[in-house]
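The letter at position 148 of the sequence shown is residue 149 when you use the working numbering, and the numbering goes up by one with no holes.
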Amino acid sequence: MNSSNTLSTHDITRIQDKLLVETTNYAYEHSPYYKRKFDDIGLLPSHIKGLGSLDLLPLTSREDIQENNWTFLSVPQQDIAEIVSTTGTTGDPVFIALTSNDLKRLASNERKSFSYAGVGKGDVFHLSVTCDNLFIAGIAYYSGLVELGASVVRIGPQNIVRHLDLIKKIKPVGIVAVPSFMVHMARFMIDSGIIADELGFKKIVLIGDSIRDADLKNNALGNLIESIFGNICYSTYGITEAQLSFCECHMHLGLHSHPEFVLVEILSDNDFVLPDGEIGELVLTPLQIKGMPLLRYKTGDITFKMSEPCQCGRNSVRIGPILGRKHQKLKVKGVTLYPKTIENALLGIKDIVNYQIEAFIGDDRTDHIVLRVGSCRNDNDFIILLKDLLKAKARVTPQIEINHPEEIEKRLFEGGSRKAIIFKDRRLKSYEE
Ligand SMILES: [Zn+2]
């Protein structure tokens, strides 16, 4: 099994130069969207000679796919093996078609990710994420584990009693879950007197919300989970549109990319390429995709990249944790932050039942935040505690209102929203999340 684990930086560059040229040619020849785009801007595939000419390629946004979804399809319809979609939290979902080769690529990407986390043949994994409803991550994890020779208990979303019952009977080495599920499990265990040793997890592979801060140490969510289960979490980041994921190795120093599957860029607000360590939008060019290739896809996710070798010895580019969504960026009294930072700061406070963060533009034409907290506590000490914590963790002192949790619940689902509106952005004419 050839592995990118030990590829030198020189080898990675050589492989990526070649794959970028191939991807560009393929997109131009097979994708009606890119053929038109290249022709519109007068770009020829032959202009792309390798990584050095990456920035000549046009950027692709989620809106581009939303508006032109099926013109990205680059194979005859009969070659589609599976259609997946994004969850549609920001506007209409986009559909992504995968060929059978793309499914193999997906499995291969995930096999590598699990191997970086030290998972190997014979390891039993409890898969608690959904494998249906057009959701790509579930099948990616499933097929990656199978390809690695591990054994999968494909339970998906079930009630917590069923999960714990199975875990006690089968004794898996690890679990794949979203962080909020592990918090739910931890709280249930505390209430029921179950200790982590009874479950025996050696690894927890987390998908979705980040459990690390920009300094790569645990955020409140990570602390909450690891205080119960031990320091056994591996954070991952996956993106449906690019059909790939990034993962932590045992050093937990950011999320490794797999060089043969993706090129990583970080762009400024004005779409300039940023150097290592600078925070901006994650832009990905997935490699070796046949069904719906994408060039320089703007993920909308905010992070930074690290190109120096990891302490594990691998040379693949790593990204930091996802710090927020680009369109949710706030600038409060000169401090840049994302609602996620505030959410993370609030996680560790047990008297908070629910909350809503509202942003608006004040009379001074700058961003302001109102934090509405649902709690049965409404004393001065509580408000001081909240203010101190937000100052320390998020470097802001928002206006704080304490309400009854039922009041906040009404706000969260205002207008019949099916998804809780945790961040209400009144800076925009209309908001979607
Ligand atoms: Zn590493």
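In this text, a Cβ means the ideal position worked out from N, Cα and C, and glycines have one as well.
Just so it is clear, the structure is predicted and the values come from calculations on it, not from any experiment.
Per DSSP, residue 439 is paired with what? Residue 439 falls outside the range modelled here, since the chain spans only 2 to 434, and no answer is possible.
Please report the Cβ distance between residue 253 and residue 217, rounded to the nearest whole angstrom; I am assuming they are in contact, meaning their Cβ atoms lie under 8 Å. 7 Å
Report the option in 410, 263, 110 whose CA atom is closest to the CA atom of residue 14. 263
If you count every other CB in all the chains shown that lies within 10 Å of the CB of residue 274, and 16 or more means buried, which is it? exposed
Note the first and the last residue of the continuous beta strand (DSSP E) segment covering residue 369. 368 to 375
For a test of the three-state rule: what should DSSP assign to residue 257, helix, strand or coil? In the structure shown, the three-state DSSP call for residue 257 is strand.
Classify residue 276: buried if its beta carbon has 16 or more other beta carbons within 10 angstroms, exposed otherwise. exposed
Grab me the residues of residue 391's own chain with a C-beta within less than 7 Å of its C-beta, minus the 5 sequence neighbours each way, in chain order. 343, 346, 397, 398, 399
Kindly indicate which three-state DSSP category residue 219 falls into: helix, strand or coil? strand
Less than 7 Å separating the Cβ of residue 217 from some heavy atom of ligand 3? Ligand 3 is absent from the structure shown, which contains only ligand 1.
Return yes when the C-beta of residue 315 is under 7 Å from any heavy atom of ligand 1, and no when it is not. yes
Less than 7 Å separating the Cβ of residue 234 from some heavy atom of ligand 1? no
Can you tell me whether residue 78 is buried or exposed? The criterion is at least 16 other CB atoms within 10 Å of its CB, across all chains shown. exposed
Residue 341 burial status per 10 Å Cβ neighbour count (16 or more: buried): buried
Compute the Euclidean distance between the alpha carbons of residue 204 and residue 214, then round it to the nearest angstrom. Distance between the alpha carbons of residue 204 and residue 214: 20 Å.
Only counting the same chain, and skipping five residues up and downstream in sequence, which positions put a Cβ closer than 6 Å to that of residue 387? The residues are 401.
To which residues does DSSP link residue 224 through a beta bridge? In the DSSP output, where bridge partners are listed per residue, residue 224 has none listed.
Need the endpoints of the beta strand (DSSP E) that residue 206 sits in, please. 204 to 207
Would you say residue 257 touches ligand 1, meaning its beta carbon is less than 7 Å from a heavy atom? Because some heavy atom of ligand 1 lies under 7 Å away, the Cβ of residue 257 counts as near it: yes.
Could you tell me the boundaries of the beta strand (DSSP E) in which residue 298 lies? 298 to 304
For residue 210 and residue 323, what's the separation of their Cα atoms in angstroms? 8 Å
Check whether the Cβ of residue 183 sits closer than 7 Å to any heavy atom of ligand 1, and report yes or no. No, the Cβ of residue 183 stays beyond 7 Å of every heavy atom of ligand 1.
Assigned exposure category for residue 426 - 16 Cβ within 10 Å defines buried: buried
In angstroms, rounded to a whole number, what distance separates the CA positions of residue 164 and residue 139? 16 Å
Run through the DSSP bridge pairs and tell me what residue 84 is partnered with. The secondary-structure analysis by DSSP pairs residue 84 across a beta bridge with 98.
Give the secondary structure of residue 267 by DSSP, where H, G and I count as helix, E and B as strand, and everything else as coil. strand
Helix, strand or coil for residue 284? Go by DSSP, reduced to three states. strand
Cα-Cα, which of 294, 339, 333 is closest to residue 366? With distances taken between Cα atoms, residue 366 lies closest to 333.
State yes or no: is the C-beta of residue 248 nearer than 7 Å to some heavy atom of ligand 1? Distance from the C-beta of residue 248 to the nearest heavy atom of ligand 1 is not below 7 Å.
Would you mind stating whether residue 129 and residue 158 have Cβ atoms separated by less than 8 Å? The beta carbons of residue 129 and residue 158 sit closer together than 8 Å.
Would residue 289 be called buried (16 or more neighbouring beta carbons within 10 Å of its own) or exposed? buried
Under the three-state DSSP convention, the category residue 402 falls into: Strand at residue 402.
Closest by C-alpha distance to residue 104, when choosing among 241, 358, 48: 241
Between residue 373 and residue 412, is the Cβ-Cβ spacing less than 8 Å? Yes, they are a contact pair.
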